[in-house]
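In case it helps, this note's numbering puts the sequence shown at residues 22 to 395.
Note that the Cβ used here is the ideal one computed from N, Cα and C, for glycine as well.
Worksheet: one structure, shown below.
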Amino acid sequence: MEQKKRWINIVLVLILLAAAGLCGFYYGKTAEAQQYQKEKEYAVQLNRSELEGLGEIGGKIYITGHRSPDTDTVAGAISCAYLLQQLGYDAVPVILTPINHETAFVLEHAGLEVPQLLEDASGLNMILVDHSEYAQSAEGLKDARILAIIDHHGDGSVSTGNPLIYDARPIGSTATIMWMRYRNYGIEPDQKTAAVMMSAILSDTYYFKSEMTTFADREAVKELSRLAGITDLDTYYQEMYKASISYDGMNDTEVFFSDYKEYESGSTNFGIACLNAYDDQSAQELIRRMQNTLPDMIPRTGMDMIFVMISIFHDDVSVTYLLPGNEAAREVLETAFADKAEFDGTAYKLEPGIARKKGLVPPVTDILASYPQE
Ligand code: MN
Ligand code: MN
């Protein structure tokens with residue numbers, strides 16, 4: 022009997038010791054977590070103190086990216102404005118010239134409005150994102166108060182005598198710098214803002230293919246795609262890319278002139294229009310549209326010859342269709358490409374595709390230079 026009692030006591034003591042140990046363990050863990058939280062809050066407080074340094078701002082803060090805005094410039098302005106709004110500032114994103122097709126797709130997908138156009142920055146409180154050159158920026162910027170520049174390019178011509186936040190980092194996109202600033206300030210972007218920030222990183226880094234891509238860009242996309250609720254990145258990027266090369270809402274002539282350049286060789290002038298298609302179906306559609314407009318382009322441009330190149334360049338597809346605008350142009354293409362491609366009555370199809378500067382201008386120039394001069 023005594024023996025049994027002793028064993029029960031020993032077991033009880035062991036259970037108590039184990040319980041005490043567990044309690045201690047949990048207490049330690051909680052203290053650790055509390056300490057971590059305290060340090061995080063302290064870091065946030067330190068990071069936010071730069072705003073105090075800007076002093077009394079008085080009035081709205083306008084945030085703009087560069088002229089001919091791309092998705093990063095617009096996302097930079099939108100995300101910077103949202104961050105400041107969360108901190109109680111009267112901040113508004115603006116653009117300087119109309120947005121492109123890719124950005125229109127991104128904003129519509131996210132459910133956000135296109136930012137307002139800013140005519141003149143004179144006398145305003147300004148923040149510049151994704152640029153720091155006067156030539157790329159707002160009218161009247163020299164008479165504005167510049168509060169901050171957030172950029173991932175070389176430092177440009179913009180300068181100010183006032184203290185400012187200057188955050189420039191050699192990473193893939195301005196949106197990534199903004200993501201890091203959100204973390205530093207202890208604030209999370211909402212779903213819509215996260216979606217445009219993520220899109221900007223994908224756009225500026227060509228979905229991580231650019232050599233400017235860093236660890237931070239990949240981490241930012243991981244976190245922002247979660248916040249945005251966009252899980253299938255491959256499909257999303259494909260849709261974004263399709264939008265970036267779409268000619269929706271443009272007439273045939275506008276499509277022709279969207280990327281058109283003129284050259285001269287010997288006594289001959291020629292023009293080359295460069296277009297992009299996503300797949301063969303959209304390439305055929307562009308060929309059809311260019312056939313409609315090509316007969317008018319010779320008299321309109323005054324060129325002796327016109328060429329249109331329609332290329333499909335993405336992933337591992339590389340194709341270029343070459344359309345002659347008149348018989349003279351067709352003869353030049355026949356001389357240059359007869360051994361590389363067949364003429365189907367409308368176009369020569371080259372695989373792999375070629376670039377205008379490297380693949381088309383040199384052979385055309387050489388052939389024209391060999392023509393007898395008048
Ligand atoms: Mn840009
Ligand atoms: Mn950029």
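* Asked: From the beta carbon of E60, is the nearest beta carbon of chain B less than 8 Å away?
  -> Protein chain content of the structure displayed is limited to a single chain, and chain B is not contained in it.
* Cβ of R321 within 8 Å of Cβ of V276? -> no
* Three-pair Cβ contact test at 8 Å for the region 228 to 235 versus the region 82 to 94 -> no
* **Sequence-ordered residues whose beta carbon comes within less than 6 Å of a heavy atom of ligand 1** => H87, D91, D93, T94 and D151
* Asked: Which residue comes first and which comes last in the alpha helix (DSSP H) that contains K282?
  -> Element bounds for K282: not the alpha helix (DSSP H) but the beta strand (DSSP E), Y281 to S286.
* beta strand (DSSP E) containing I170: first to last residue? -> R166 to D172
* To do: Report yes if the C-beta of D225 is less than 7 Å from at least one heavy atom of ligand 2; otherwise report no.
  => Yes, the beta carbon of D225 sits closer than 7 Å to at least one heavy atom of ligand 2.
* **K361 - DSSP class collapsed to helix/strand/coil** => coil
* **I331 vs L315 beta-carbon contact at 8 Å** => no
* How long is the line joining the alpha carbons of E169 and Y284, rounded to whole angstroms? -> Before going on, a small fix: residue 169 reads as Ala here, not Glu. When rounded, the distance between both Cα atoms is 43 Å.
* Proximal residues to K213 (C-beta, below 7 Å), its chain only, five neighbours per side dropped -> A131, G132 and L133
* Asked: Going by alpha carbons, who is nearest to D151 out of I192, T256 and Y47?
  -> Per the Cα distances, I192.
* S194 CB to nearest heavy atom of ligand 2 below 7 Å -> yes
* Asked: Any chance the CB of H130 is under 7 Å from a heavy atom of ligand 2?
  -> no
* Where does G175 sit, in a helix, a strand or coil, going by DSSP? -> Correct three-state label for G175: coil.
* **With 16 other Cβ atoms within 10 Å as the buried cut-off, status of A376** => exposed
* **In DSSP terms, what P114 is bridged to** => I84
* Shortest alpha-carbon distance to I319 belongs to which of N290, E355 and Q305? -> Taking the Cα of I319 as reference, the smallest distance to any Cα among N290, E355 and Q305 is reached at N290.
* For I15, which residues of its own chain have a beta-carbon under 7 Å away from its beta-carbon, when the five flanking residues on both sides are left out? -> There is no way to answer for residue 15, as the model of the chain reaches only from 22 to 395.
* Asked: Does the region 60 to 68 come close enough to the region 175 to 191 to have 3 or more Cβ pairs within less than 8 Å?
  -> no
* Which residues in the same chain have their Cβ closer than 8 Å to the Cβ of E140, if we skip the five residues on either side of it in sequence? -> E160
* Let me know if T346 comes out buried or exposed under the rule of 16 or more other beta-carbons within 10 Å of its beta-carbon. => The question names Thr, but residue 346 is Gly in the sequence shown. Looking at its Cβ environment, which holds 16 or more other Cβ atoms inside 10 Å, G346 is buried.
* To do: Please confirm if the region 41 to 59 is in contact with the region 107 to 124, defined as three or more CB-CB distances below 8 Å between the two stretches.
  => no
* Among L128, Y203, W200 and L75, which one has its Cα closest to the Cα of N146? -> L75
* Asked: In whole angstroms, what separates the C-alpha of E363 from that of V340?
  -> 13 Å
* To do: Taking only the alpha-carbon atoms, compute the straight-line gap between S143 and D164 and give it to the nearest angstrom.
  => 5 Å
* Kindly indicate which three-state DSSP category G193 falls into: helix, strand or coil? => coil
* Reference I7; option with closest CA among E129, A241 and V385 -> In the structure as shown, the chain begins at 22 and stops at 395. Residue 7 is therefore absent and cannot be evaluated.
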